[in-house]
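Heads up, the sequence shown stops at 1290 in the numbering used here, and the numbers go up one at a time, no gaps.
Beta carbons are placed, not taken as given, at the ideal position from N, Cα and C, and that holds for glycine.
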Amino acid sequence: MFEDENEDDFFNLLDLIDEFKRMEAAGQSRFYDLEEFEAISDYFYETGKSQKALEVLEMAIDQHPYASSLQLKKVQYLTSLDKTREASKVLKELEGQVHDYYEMHMARAGLYSKTGNHQKAIEQYRQALAHTEFPEDVYHLLALEYQLIGAYDKALRYLKMSLALYPEDEIALYNLALCYDLLERPEQGIEYLESFIDENPYSEIAWYHLGLMQSKMGDNLQALRSLDYAILIDDYFSAAYYEKARILEQEFRYQEAAETYQATFEYDGASGYGYYKTGLCYLRLGKNQQAEKYLNKAIQEDAELEEAYYELALLKDEQKQWAESLYLINKAVELDPENWEYRHSSAMMHRRAGKLDEAVLIYTKLIEDEYYNASTFTEYAQLLFDMCEFKQGMDVLYQALELIPDSSQLRYQLAGYLYTIEEQDEAEIYLQKAMALDPGGKSFFLALFPWLKKNPSVRLLLGLD
């Protein structure tokens, strides 16, 4: 309600709230008229303090016991606090007493919606329409009920009716775009938004959603144009900046994307995620020094941003700064222990850093946790062979084949090791099977075991002679 008040009314409201708070703190009270009580309770309710709004309403009812409007507000507040039984009881007591049919239907609809009876809520909202001169709010609520039951076509109908009367409704525009997305009809969504923009050219929300839909259709150039219009209308529109930057990344325009992410800091304040995305852009550009700078800023801004720790760990690993890479990857895993990619990378980093026993423990735990990835098994086996644990290495590969029987990668690697330990007959069986599964894997095999190029059996099977 507050955005619709003129400036004088708004400041009068603030004075009223300040006075109410001072008197309450001092344990005092005075008589407030009905409109004052409603304004005070609405203020608390609309600022997210529903329980406080309800307390104010109880005071109001004590002073104005016959005011049905207060009882109807009480139903609304109880409903929002999930106190549906109490709300239903109050509503039943009001039956036959209240002649404001609109408010009664709205109160019933809200209660039905809260208890999951969306069809009855829809019926009540429909009846409310017959008793109001301002149907746009009811249209929007009807649309929300249809969304909740998955009737997106009907939701769209009412959202359009609502927007025709109140085009400034940003939430209605968001829900309209969502419905088109859920119905997988971006072309129709684009058509509607273009028509809407013709009538409302300064709606940054419409331009924003038009850009999103155009991007989903693969028309990134038009999407960037639409998002630029949204930003031109509202240069504090951080969501539009982020979406523009994301599309620029898709177009491999990483420098522009980085600059767009950085633009959000001026209007929306610095954020760990913004620094992280900027750092990724510089990584793609090969500007590692700048990437490291922004990834470090991301961590400083948000100490729990595991993605930033992970990317920085990869960078330090590439630079062979093992101590830092291990600290960072351990932090990423600590923050997101269920992330297989982080744990897998951690095993490889520990191995490259010479922490072989720790790497063995990580690979073992990955397999125990059923991370059945062929690369995990082959890397683990290679690690065991490097540690001269040949039998354990072979056991790992045999176990892997039981779990991933169609992996040519595992068979190529197992064949190579069998040739290496001079188990030629068995090696030939695995090599033949690997080639049958993936003939193109021969290059992988020879890159992994280059000394086998001189083996007559291998040369014959691979057709090198």
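Residues in its own chain within less than 6 Å of residue i by CB, not counting five upstream and five downstream?
i: A1225; result: F1202 and L1235
i: S1232; result: A1199
i: D1093; result: S1063
i: D829; result: Below a pLDDT of 50, predicted positions are generally treated as unreliable, and D829, at 48, falls in that range; no measurement from the model is reported.
i: E1195; result: none
i: G873; result: none
i: C1004; result: Y977, A980 and L981
i: K1279; result: none
i: L1262; result: S1233
i: L1035; result: L1018 and S1051
i: A968; result: A980, Y983 and L984
i: F827; result: Any reading at F827 must be qualified, since the residue scores a pLDDT of 44, below 50, and its modelled position is unreliable; the value itself is stated next. Cβ neighbours of F827 beyond the five flanking positions: none.
i: D1142; result: S1150 and M1174
i: L1137; result: L1120 and L1153
i: M1219; result: none
i: A885; result: F862 and L895
i: A912; result: V900, L903, T904 and L936
i: L906; result: S875
i: H956; result: Y926 and Y927
i: S866; result: A878, V881 and L882
Leaving out five residues on either side along the sequence, give the residues of the same chain with a beta carbon under 7 Å from the beta carbon of residue i.
i: N1113; result: L1140
i: L1007; result: Y977
i: I766; result: Residue 766 lies beyond the stretch modelled for the chain, which goes from 826 to 1290, so this question has no answer here.
i: Y902; result: Y870, S875, A878, L879 and L882
i: P1011; result: Y1005, M1038, K1041 and M1042
i: G1099; result: Y1086, T1089 and F1090
i: G1014; result: A1002, Y1005 and M1038
Helix, strand or coil, according to DSSP, for residue i in the structure here?
i: H889; result: coil
i: S1171; result: helix
i: F1077; result: coil
i: I974; result: coil
i: D1059; result: coil
i: M1212; result: coil
i: N1025; result: coil
i: D1220; result: helix
i: E1227; result: helix
i: N942; result: coil
i: Y1197; result: coil
i: E1163; result: coil
i: S1096; result: coil
i: H1034; result: helix
i: A1178; result: coil
i: L1008; result: coil
i: M1042; result: coil
i: H956; result: coil
i: Q853; result: coil
i: F1274; result: coil
i: K898; result: helix
i: I1246; result: coil
i: K1258; result: helix
i: S1232; result: coil
Would residue i pass as a contact of residue j if the rule is Cβ separation under 8 Å?
i: A1133; j: Y1101; result: yes
i: Y1054; j: W1032; result: yes
i: V900; j: V915; result: yes
i: Q1249; j: A1206; result: no
i: Y971; j: V963; result: no
i: L1256; j: L1222; result: no
i: E1129; j: L1105; result: no
i: F1270; j: I1246; result: no
i: F845; j: Q888; result: no
i: A932; j: L897; result: yes
i: S904; j: K945; result: The sequence shown places Thr at residue 904, rather than the Ser named in the question. Not a contact, by the Cβ cut-off of 8 Å.
i: I1056; j: Y1066; result: yes
i: A1157; j: Y1167; result: yes
i: G1265; j: A1259; result: no
i: Y927; j: A953; result: yes
i: L973; j: H930; result: no
Between which residues of its own chain and residue i is the CB-CB distance below 8 Å, once the five residues before and five after are set aside?
i: S1096; result: T1089, F1090, E1126 and D1127
i: L1273; result: Y1237, Q1238 and G1241
i: M1212; result: L1181 and V1185
i: S854; result: M848 and M884
i: H1169; result: L1191, Y1196, N1198, S1200 and T1201
Count Cβ pairs between the segment 1171-1188 and the segment 1146-1156 that sit closer than 8 Å; are there 3 or more? yes
Quick check: the segment 1068-1081 against the segment 1114-1133, are at least 3 beta-carbon pairs closer than 8 Å? no
Evaluate the contact criterion for the segment 1020-1035 versus the segment 985-993: three or more CB pairs, one atom per stretch, below 8 Å. yes
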